[in-house]
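Notes for the one structure printed next.
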Ligand code: CAA
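Numbering (this note's numbering), first residue to last: 546 to 925.
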């Protein structure tokens, strides 16, 4: 077993760290406050290859492994988890899904610009009445000659306003239940395809989230991803990798909260010494550091298994379940260490808590991750 990163992985991590500190951090507080989408930052991340980090160079991607992606996600999310989720959805859910299951036509037309960071993707599975119960799709697509006509509503769509290309999951044969679900690539601007207003969220405020509405939206047959009836399996397989991305986002938040706590504890004085001299603070920092390390190892393990072409479903679910819990815990402890300063916007750590909470909800709630893990444990 080798715990060393390759030179390339270290180079990617350091590039992401440098970019996060110099280009993302300076505007993070303002963007959070005013819920502003980081369009310029995403453009630059695209130019650096991060928006298509795992896509093969054959399709204009950077051709890097999932471990490198995790390292980049951690560095970006440490500074701004909103940028983290935009990066994650584009890479894990949209690019990965298209590269693995899309036709040559879809890869040429849609994957290339997504991998170059010129276009942005979104993934539309959740609905007003189908969140965790994802097989319960109400959005319906009906065949009409060489087209499919989509009607329905999707909810909680990350990049919902800013994306150019949307992967949309819809029921195409109700009688076949989850085997009658199909995935489509829908372009922004298609007639009848509109979005709702931007959600006013607790955290990750700089990323945009909204509902999507489909009223007789005509999509050509060639925009079907994989094949008719494979949409649910497509969504599940794609989400397995997505969960590694969100686990990495959570690790980044947790590590960011720890770093801020260490920094503050060395400056703040109480009872005549820096608070880092007090065991009460030291114990908190030690507990946080162990949790961050464990979460990181679980996440890197899941990514390494994916890179090795081995099953990673259970490990990805474990990584997301644990890292998201650790993100919330570390954010809370960081606030506690900061005292009153932790409770005001100026010191940033309150944002870690607001951003951390969603990692226990999206791309499969913690309860769903437990179902996935338990099912794997109990398999014959
Ligand atoms: N990986 C691969 N295949 C899977 C899978 C997984 N994780 N989970 C289920 N499947 C497959 C099953 O093997 C089965 O395949 P067959 O066609 O061969 O039968 C099929 O999918 C149906 O599975 P189940 O019978 O297990 O379905 P279920 O209804 O009992 O449970 C579930 C499925 C695990 C609860 C699933 O619905 C689920 O994961 N729900 C959570 C959905 C989710 O994560 N939503 C996130 C929204 S996306 C998002 O948040 C993006 C964003 O913008 C940030």
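By construction, the Cβ of each residue, glycine as well, lies at the ideal position given by its N, Cα and C atoms. Since we're looking at a predicted model, the values are computed, not measured.
Which same chain residues, not among the five before or five after residue 621, have their C-beta less than 7 Å away from its C-beta? 561, 565, 569, 628, 629, 632, 797
Residues of its chain near residue 755, where Cβ-Cβ distance is below 7 Å and the 5 sequence neighbours each way are ignored: 702, 705, 706, 740, 741, 742, 743, 744
Residue 908 Cβ short of 6 Å to the ligand CAA heavy atom set: yes
Look up residue 613 in the DSSP assignment and say whether it is helix, strand or coil. helix
Here's a check: name, in chain order, each residue in its chain whose Cβ is nearer than 7 Å to the Cβ of residue 611, leaving out the five neighbours to either side. 599, 789, 848, 851, 852
In whole angstroms, give me the CA-to-CA distance for residue 613 and residue 792. 14 Å
Which partner residues does residue 758 have in the DSSP bridge list? 698, 739
Tell me the rounded alpha-carbon separation between residue 731 and residue 800. 37 Å
Per DSSP, what are the beta-bridge partners of residue 765 in this structure? 692
Comparing alpha-carbon positions, which option in 803, 821, 825, 857 lies nearest residue 834? 803
By Cβ distance below 8 Å, which residues in the same chain neighbour residue 858 in space, the five residues on each side in sequence not counted? 785, 917, 921
Does the beta-carbon of residue 641 have 16 or more other beta-carbons within 10 angstroms, so that it is buried, or is it exposed? buried
So, are the CB atoms of residue 651 and residue 708 less than 7 Å apart? no
Please tell me whether, using a cut-off of 6 Å, the distance from the CB of residue 618 to the nearest non-hydrogen atom of the ligand CAA is below it. no
Less than 6 Å between the CB of residue 679 and some heavy atom of the ligand CAA, yes or no? yes
Between which two residues does the alpha helix (DSSP H) holding residue 804 run? 776-812
Counting only beta-carbon separations shorter than 7 Å, does residue 695 have a partner in chain D? Chain labels in this structure do not include chain D; a single protein chain is all it has.
Verify the contact flag: residue 740, CB atom, against every heavy atom of the ligand CAA, threshold strictly below 6 Å. no
Residue of 863, 596, 573, 767 minimising C-alpha distance to residue 846: 863
Taking the alpha-carbon of residue 557 as reference, which of 580, 586, 595, 749 has the nearest alpha-carbon? 595
Considering only the alpha carbon of each residue, which of 615, 810, 868 lies closest to residue 828? 810
Can you tell me whether residue 676 is helix, strand or coil according to DSSP? coil
By alpha-carbon positions, which one of 700, 729, 720, 722 ends up nearest to residue 714? 729
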